[in-house]
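Going by the UniProt record's numbering, the residue at position 33 of the sequence shown is 33; the numbering climbs one at a time, nothing skipped.
Even for Gly, the Cβ is constructed at its ideal location relative to N, Cα and C.
Since this is a predicted model, take the numbers as computed values, not measurements.
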Amino acid sequence: MAAGIDPIHFGIILAVNLTIGMVTPPLGDCLFVTASIGKITVPRMFKYLVPQIIILIIILFIITYLPKVILFPVNLLSG
């Protein structure tokens, strides 16, 4: 609150950023685990993951720069 950011908004931004970080190399733990479970190479798997990462980045921009859109359901439920 001291920085002028709603704590719920900050938490949502943080969660989406962590999601993107967990699926992108070089530290994408989820990428390496799922590639080993599926018995395919990381570059082959990453090829199919690129469109999803682009969508996640677009969603991150929407969440970051349009806080009223993401906080509308929260405000609606909290009264």
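| Item | Value |
| --- | --- |
| With DSSP collapsed to three states, give me the class of residue 41. | coil |
| Where residue 75 and residue 33 are concerned, what is the direct C-alpha to C-alpha distance, given to the nearest angstrom? | 37 Å |
| Just to confirm before moving on: does the CB-CB distance between residue 80 and residue 31 stay below 8 Å? | Since the first and last residues shown for the chain are 1 and 79, residue 80 lies out of range. |
| Would a C-beta distance cut-off of 8 Å place residue 20 and residue 60 closer than the cut-off? | yes |
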